[in-house]
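Below: the structure, in structure tokens.
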Amino acid sequence: MYYACYAPPWFFKYDILFGFIFLIVSLLISAFSYSIYKKCQLKNVREFSISFFFIGLAYLFQSIINLYIFSNIHSGICGALMLGNLGFLSYLGVSLHLLFMVIGLAILVYATLKSRESKILWVLLIVSASTLLLSKNILYSFFLLSTIYLGLISWHFIDNYFTNKNKKTLLVALAFVVLTIGWVDFILVPYSPFFYVSSHLLQLLAFALIFWNFSLVRKK
Amino acid sequence: MNRKRERLEIIYSILKTIQENPKNTKPTHILYKSNLSHQMLTEYLKELSDGKFLEEKTDKQSKKYYVLTEKGFKYLQDYQIVQGFLDSYGL
Numbered sequence: 011m012y013y014a015c016y017a018p019p020w021f022f023k024y025d026i027l028f029g030f031i032f033l034i035v036s037l038l039i040s041a042f043s044y045s046i047y048k049k050c051q052l053k054n055v056r057e058f059s060i061s062f063f064f065i066g067l068a069y070l071f072q073s074i075i076n077l078y079i080f081s082n083i084h085s086g087i088c089g090a091l092m093l094g095n096l097g098f099l100s101y102l103g104v105s106l107h108l109l110f111m112v113i114g115l116a117i118l119v120y121a122t123l124k125s126r127e128s129k130i131l132w133v134l135l136i137v138s139a140s141t142l143l144l145s146k147n148i149l150y151s152f153f154l155l156s157t158i159y160l161g162l163i164s165w166h167f168i169d170n171y172f173t174n175k176n177k178k179t180l181l182v183a184l185a186f187v188v189l190t191i192g193w194v195d196f197i198l199v200p201y202s203p204f205f206y207v208s209s210h211l212l213q214l215l216a217f218a219l220i221f222w223n224f225s226l227v228r229k230k
Numbered sequence: 044m045n046r047k048r049e050r051l052e053i054i055y056s057i058l059k060t061i062q063e064n065p066k067n068t069k070p071t072h073i074l075y076k077s078n079l080s081h082q083m084l085t086e087y088l089k090e091l092s093d094g095k096f097l098e099e100k101t102d103k104q105s106k107k108y109y110v111l112t113e114k115g116f117k118y119l120q121d122y123q124i125v126q127g128f129l130d131s132y133g134l
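Chains as they are written, first to last, in my numbering: chain A, 11 to 230; chain B, 44 to 134.
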């Protein structure tokens, strides 16, 4: 059984708003890092840009699904909505969201590894995609994989902060730690809708920190 | 360190040296500051001059010196942003 949504009814419109905020910030980071790549031609910067592009795409699909649900279901959103009840388009949207998010995170892991071995990237992508596609419980696999990836990414940024202590590295490290905690929160959603809200608030905080760092880096 | 990143730093170091001594940047001064071999510095200076990042001039005593072009100044500005980005994400 695949739980698509445990959102409390009052939170649903905020959920949509949050999705659009995450989408905009992700695409901004992607575009900015691509402009950095054009200047420095470093491959891991290009991969960083691609990873945020995929994360942005994942949020785009999430926003579309949420809007679709919001416009079609006016009552009884409370409780769990099963993927099977959402129709083919929603199922496709949710699957694409999960797939793009995991691909984005896998590429981000590869970018932070600073490896020149492209085989590692292919292994990460194949393992990620096949785990999702072959899994009986796609959401469980998604959260397990993405939490592992976020943990690895956070570890890199924490390490980077201790190597180079300043406000920007601290903001990035904090952002990804908060994002990981938010992700773990999401795993607990079946136990209480409170976790759904707290997970989104933590994600919002993480994206605010990422955006803050983005505005600091852009200053000449 | 990544070769490309090393190269960016060398170019920054050369251009920064010229920026700090706008009217008196002789090749020996750049050589000393950038810590490069003579041959490598000559290659970099030629490349930067061809790419219009700097201009080679001669003073009254017929000695060579370098000045930054607008493109060179822009590189220095951009480098700060690139460096800030790379440092903040540890890339």
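All residues carry an ideal CB built from backbone N, CA and C; glycine is no exception. Computed from a predicted structure; not experimentally measured.
* To do: Pull up the distance between the alpha-carbon of Leu37/A and that of Leu226/A, whole angstroms please.
  => 17 Å
* Status (buried if at least 16 other CB within 10 Å, exposed otherwise) for Val137/A -> exposed
* Which ranges does the beta strand (DSSP E) cover as unbroken runs of at least 3 residues, wholly within the stretch 48-109 of chain B, from first to last along the chain? -> 97-101
* Asked: How about Val104/A: is its C-beta nearer than 7 Å to some C-beta of chain B?
  -> no
* Please confirm if Asp93/B has its CB atom under 7 Å from at least one CB of chain A. => no
* Per-residue contacts from Leu51/B into chain A (C-beta, under 8 Å) -> Cys50
* Asked: At a cut of 8 Å, does the stretch 60-78 of chain A reach the stretch 19-38 of chain A through at least three beta carbon pairs?
  -> yes
* Asked: Any idea what DSSP makes of Tyr13/A, helix, strand or coil?
  -> Note that Tyr13/A scores a pLDDT of 45, beneath 50, so its modelled location is shaky and nothing firm can be said.
* Any C-beta of chain A sitting closer than 7 Å to the C-beta of Asp121/B? -> yes
* To do: Give a yes or no on whether 7 Å exceeds the smallest Cβ distance from Ser56/B to chain A.
  => no
* Asked: Helix, strand or coil: how does DSSP classify Leu111/B here?
  -> strand
* Asked: Cα separation between Gln62/B and Ile73/B?
  -> 11 Å
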